[in-house]
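A short write-up of the structure that comes next.
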Amino acid sequence: MCGDIDVPYPFGLDEPRCAINAGFQLNCTTTTTAGGGTTPTLLYKNAEVTNISVPDGKLWLKTIISRQCYNHTTNQTISDNAWINLAGSPYVLSADDNKVIVLGCRSMAYMLSDSYILGCLSTCDNEAPMNGSCSGAGCCQVDLPRGVRYYQGFFNELYNTTEIWRTYPCNYVTVMETAAFSFSTTYVTSTAFYDADDSRNPVVMEWGITQQTCEQAKTNKTTPYACLSNHSDCVDGDAGYRCRCSSGFEGNPYNIDGCTDINECLDKVTYPCAGICENTLGSFTCSCPRGRSMINGVCVKNQKSSSMLPIVGASVGLVALVISITCAYLIRERRKLHNIKQRYFRQHGGLLLFEEMKSQQGVAFKIFSEEELQQATNKFDEHQVLGHGGHGTVYKGLLKGDIEIAVKRCMTIDEQHKKEFGKEMLILSQINHKNIVKLLGCCLEVEVPMLVYEFIPNGTLFDLIHQNHTRHISLGTRLRIAYESAEALSYLHSCASPPILHGDVKSTNILLDGDYTAKVSDFGASILAPNDKSQFVTVVQGT
């Protein structure tokens, strides 16, 4: 214990040998309170720890708030850009429990991490701030990405606050626990937010024993596996792997025999049972005395009546008949759908594609089922649409393992290309260039085949040119985009085997990733459109 805070293993106090490794070593320091007394304070690298949860794998810290205030005496804006660096530690900022929060009027602020720049604009010009609302008027917030170990707060100096400093003296930006924040208008009309807890706010960290997956940790011979208790499970997280007690058990999974059985019968609120409760290892049973049955969670006396038996028998027979007819119909429809899918698969060259894939060892091209792509795109929900083209629609999808993809669902296909479709897609998938969008696979069991590409998150060159952006794009970046686009086209036209001619080079077909790296797209779908309407590339074989 440190004060009133429990410090469970794998954490340890003061002595390095008390913690599972150096990243879990905490210090218990006596600090002076405002009233002149002293209190034990738990610290991690001079940051105050307020809570630790072993079951959730989380730790609560107090971190400094970044602020920007106008000094009317010196006519200068003073900025304190707070930062936190968890590199090399077992911790990451919890993306589920924290948000980037910006407070102030005429305040554009950012949180800069090792891989992201996050921020938003908070103003009071068009709408007055309201208590409890954080949607742009005096307060705005942004979700935090996963795996962030470093951040620093910054303010955009372009916004002039000299006219409003008497009413809105300061701007703030911080990463903060979402559940601990509720906006108050006093946060922008005074320094109450900054002064509330000695210019600090709570933030939630997730920990991992090591930066390994569970599978890696179990097979690693150099680092001991941390989940020592029976009835414990390993959990993969953003910071690495951690341990928890299995369902029906509680305690500390990092200690031998640390997970003990929960007696559910003693907690009728969490585990309600209106009958006879019997605890079992990791679970419990709830039954009624003889002569009673459980109905809607209540033990009710059985009603025995021989006159009801014929009615019950007839009802059971009718239900069985309906179920049999329904099952027969569903089986018939399923077979019919399976035959249709197989016909489409053969029409689009699926068998030929299989033969080609067998002959090419190590090919990464995948044939997706319609069910996989429906699940990935939430049944091609309109909210997943990334864009529309002359020959189809592109949807954003998420495969198992949180792999983001783009699914092109075209409207028609050139009949002359049907049999060669799969083979040509395999050729296109082997194009491996950093400035060309990677073709991952296709789906052939539908009337018009679908293409699956890697997902590029930063929109198109068209968007960059024609839409307003808060961030200035330098001339060097623009020239690099042009150069990378030319490199990609040169590769397609001259280096690919067979050569590929891009028939529709335009700004909407040049995508940009998070670093504004150019990615040429729409080079592999011309076979999905009639020859006289093709706006995509053409696979030119034999040249």
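The opening residue of the sequence shown carries number 828 in the numbering used here; numbering runs sequentially from there. Even glycine gets a Cβ: it sits at the ideal position worked out from N, Cα and C.
Beta-bridge pairing of residue 1226 - partner residues as DSSP gives them: Stepping through the sequence shown from its first residue, residue 1226 is reached at position 399. According to DSSP, residue 1226 bridges with 1230.
Consult DSSP for residue 1055 and reduce its assignment to one of helix, strand or coil. Position 228 of the sequence shown holds residue 1055. The answer is coil: DSSP assigns residue 1055 none of H, G, I, E or B.
Near residue 1164, which residues of its chain fall below 6 Å by C-beta distance, leaving aside the five closest residues on each side in sequence? For the purposes of this step, residue 1164 is identified with residue 337 of the sequence shown, where counting begins at 1. Here residue 1164 scores only 49 on pLDDT, less than 50, and its place in the model should not be relied on; the value that follows carries that caveat. Cβ within range, chain order: n/a, list empty.
Under the three-state reduction of DSSP, which class applies to residue 1014: helix, strand or coil? Translated into positions along the sequence shown, residue 1014 becomes position 187. Residue 1014: helix per DSSP, three-state reduction.
Considering only residues of the same chain and omitting the five flanking positions on each side of residue 1005, which have a CB-CB separation below 7 Å? Translated into positions along the sequence shown, residue 1005 becomes position 178. The answer, listed in chain order, is 924, 925, 926.
Quick one: grab the DSSP three-state call for residue 1336. Taking the first residue of the sequence shown as position 1, residue 1336 is located at position 509. In this structure, residue 1336 counts as helix in the three-state DSSP scheme.
If you compare alpha carbons, which of 839, 1222, 1349 is closest to residue 1255? Your numbering for residue 1255 matches position 428 in the sequence shown. Of the residues 839, 1222, 1349, the one whose Cα lies closest to the Cα of residue 1255 is 1349.
Since residue 1113 and residue 1119 should fall inside the 8 Å C-beta cutoff, what is the C-beta to C-beta distance between them, to a whole number of angstroms? Position 286 of the sequence shown holds residue 1113. Position 292 of the sequence shown holds residue 1119. Contact flag wrong, Cβ pair sits at about 12 Å.
Less than 7 Å between the C-beta atoms of residue 892 and residue 1026, yes or no? Numbered from 1 along the sequence shown, position 65 holds the residue referred to as residue 892. Numbered from 1 along the sequence shown, position 199 holds the residue referred to as residue 1026. When the beta-carbon positions are compared, residue 892 and residue 1026 come within less than 7 Å of each other.
Tell me the DSSP secondary structure of residue 1193 in three-state form. To locate residue 1193, count along the sequence shown from 1; it is residue 366. Under the three-state reduction of DSSP output, residue 1193 falls in the strand class.
Straight-line gap, residue 1051 to residue 1057 (C-alpha atoms, nearest Å): Locating residue 1051 in the sequence shown gives position 224, where the first residue counts as 1. Locating residue 1057 in the sequence shown gives position 230, where the first residue counts as 1. Rounded to the nearest angstrom, the gap between the Cα atoms of residue 1051 and residue 1057 is 16 Å.
Which whole-angstrom value describes the C-beta separation of residue 1203 and residue 1225, a residue pair presumed to lie in contact below a C-beta threshold of 8 Å? Translated into positions along the sequence shown, residue 1203 becomes position 376. Translated into positions along the sequence shown, residue 1225 becomes position 398. 6 Å between Cβ atoms; contact.
Does the Cβ of residue 931 have 16 or more other Cβ atoms within 10 Å, making it buried, or fewer, making it exposed? Sequence index remark: in the sequence shown, residue 931 carries index 104 (1-based). Buried: at least 16 other Cβ atoms inside 10 Å.
With 16 as the cutoff for other CB atoms within 10 Å, does residue 1376 come out buried or exposed? Any property of residue 1376 remains undetermined from this structure, which presents the chain solely from 828 to 1370.
With a Cβ-Cβ cutoff of 7 Å, do residue 874 and residue 888 count as a contact? Here residue 874 refers to the residue found at position 47 when the sequence shown is read from its first residue. Here residue 888 refers to the residue found at position 61 when the sequence shown is read from its first residue. Residue 888 sits close to residue 874, with the two beta carbons spaced by under 7 Å.
For residue 785, the first and last residue of its enclosing beta strand (DSSP E): Nothing about residue 785 can be reported from this structure: the residues present for the chain run from 828 to 1370 only.
Going along the chain, which unbroken runs of the beta strand (DSSP E) with 3 or more residues stay wholly within the region 922 to 1002? Restricted to the region 922 to 1002, the beta strand (DSSP E) segments that are unbroken, complete and at least 3 residues in length are 925 to 930, 934 to 940, 944 to 949, 966 to 970, 977 to 982, listed in chain order.
With a CB to CB cut of under 7 Å and the five nearest residues on each side skipped, what residues in its chain are close to residue 1132? Locating residue 1132 in the sequence shown gives position 305, where the first residue counts as 1. Because the pLDDT at residue 1132 is just 44, under 50, the model does not fix this residue reliably, and the point stays unresolved.
By DSSP, does residue 1164 sit in helix, in strand, or in coil? Position 337 of the sequence shown, counted from the first residue, corresponds to residue 1164. Bear in mind that the predicted position of residue 1164 carries a pLDDT of just 49, short of 50, making it too unreliable to give a figure here.
Taking 8 Å as the cut-off, does the region 964 to 983 touch the region 939 to 956 (at least 3 CB pairs, one atom from each stretch)? Two segments are said to touch when three or more pairs of C-beta atoms, one from each, lie closer than 8 Å; by this definition the region 939 to 956 touches the region 964 to 983.
CB-CB length for residue 1053 against residue 1070, believed under 8 Å: Within the sequence shown, numbered from 1, the residue matching residue 1053 stands at position 226. Within the sequence shown, numbered from 1, the residue matching residue 1070 stands at position 243. Indeed, because the Cβ distance is near 6 Å, the residues count as touching under 8 Å.
Coil, strand or helix - residue 1022 by DSSP: Numbered from its first residue, the sequence shown carries residue 1022 at position 195. The three-state reading of DSSP puts residue 1022 in helix, counting H, G and I together.
Which residue marks the beginning of the beta strand (DSSP E) containing residue 903, and which one marks its end? Within the sequence shown, residue 903 is the residue found at index 76, counting from 1. Segment 903 to 907, the beta strand (DSSP E) holding residue 903.
From what residue to what residue does the beta strand (DSSP E) around residue 1269 run? Along the sequence shown, one-based indexing puts residue 1269 at 442. First-last of the beta strand (DSSP E) with residue 1269: 1266 to 1270.
Kindly list the residues whose CB is nearer than 7 Å to the CB of residue 805, restricted to its own chain and excluding five residues on each side of it in sequence; keep chain order. The structure shown does not extend to residue 805, since the chain is modelled only from 828 through 1370, so no value can be given for it.
Any alpha helix (DSSP H) of 4 or more consecutive residues that is wholly inside the region 1038 to 1095: Whole alpha helix (DSSP H) segments, 4+ residues: 1041 to 1046.
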